[in-house]
Structures are given as structure tokens and as C-alpha cells.
Amino acid sequence: LRELTAMVASGLGKPAHYVQVVCETEIPMSFAGTTEPTAVVELRSLGLPAGKTQVLSATICGLIADSLEVPTNRTFINFFELRRDYWGWDGRTFA
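In the working numbering, the protein residues as written are 704 to 798.
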């Protein structure tokens with residue numbers, strides 16, 4: 704999780720203390736009709752330059768393949784750019 708945190712922080716150009724990583728491995732999943740290892744990643748960010756998603760996708764898929772043994776062609780990543788007033792933390796929003 705630390706490696707993924709550092710990689711996402713670097714890829715987004717954001718401090719690691721604003722990056723949260725959740726990994727749930729005990730959820731039954733299937734893809735393409737099989738239960739072979741598969742992963743779904745959600746990356747939510749305040750400010751997400753479209754030009755960075757390709758590099759982030761390659762890096763995240765590679766890290767998941769190496770650490771969780773999920774093939775890159777069985778990993779999906781959904782990128783979400785959120786409005787600052789739609790993200791709360793520490794009793795306030797980032798607006």
C-alpha cells in the first residue's frame with residue numbers, strides 16, 4: 704500500500720498525506736465469465752489532468768500485476784475528477 708500511495712502521489716503531483724489507498728481482496732469478482740484474478744481500481748482526484756491518466760494506468764496496472772498477480776488485461780481503472788466543493792475532509796471541503 705505504501706508503494707501504491709507513493710506512486711499515485713508522484714503521478715498526480717500531490718503530497719502523499721492526501722492520498723488514501725484501500726485494498727479489498729476478499730470480494731468475489733468475475734470478468735469475462737471467469738473468476739480468474741481481476742481488479743477494479745477507482746482513482747478519485749481533485750484536479751486530474753487527462754494527460755496523466757495513460758501513465759497512471761500503465762503504472763497502476765503494472766504494480767497490481769507485480770504485487771497481487773492480477774494480469775494487466777484483467778485490471779480496470781476508473782478515473783474520477785471531483786469538484787473541490789464535493790470533497791470533504793477534516794470537517795470542511797477543499798473549496
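For each residue, glycine too, the CB sits at the ideal point set by N, CA and C.
Since the structure is predicted, the reported quantities are computational estimates derived from the model, not experimental observations.
Residue i vs residue j beta-carbon contact at 8 Å
{"i": "Val773", "j": "Pro731", "result": "no"}
{"i": "Thr708", "j": "Val724", "result": "yes"}
Integer-rounded CB distance, given that residue j should sit under 8 Å from residue i
{"i": "Ile780", "j": "Val744", "result": "4 Å"}
{"i": "Lys755", "j": "Gly794", "result": "Actually they do not touch by this definition, with Cβ atoms about 30 Å apart."}
{"i": "Asp788", "j": "Thr778", "result": "Actually they are not in contact, since the Cβ atoms of Asp788 and Thr778 sit about 31 Å apart, beyond 8 Å."}
{"i": "Leu749", "j": "Trp790", "result": "6 Å"}
Three-state secondary structure (DSSP) of residue i
{"i": "Glu644", "result": "There is no way to answer for residue 644, as the model of the chain reaches only from 704 to 798."}
{"i": "Thr796", "result": "strand"}
{"i": "Thr807", "result": "The chain is shown from 704 up to 798; residue 807 falls before or after that span and cannot be answered."}
{"i": "Gly736", "result": "coil"}
{"i": "Gly716", "result": "coil"}
| What are the uninterrupted segments assigned as beta strand (DSSP E) that are 3 or more residues long and contained completely in the segment 740-777, given in chain order? | 742-749
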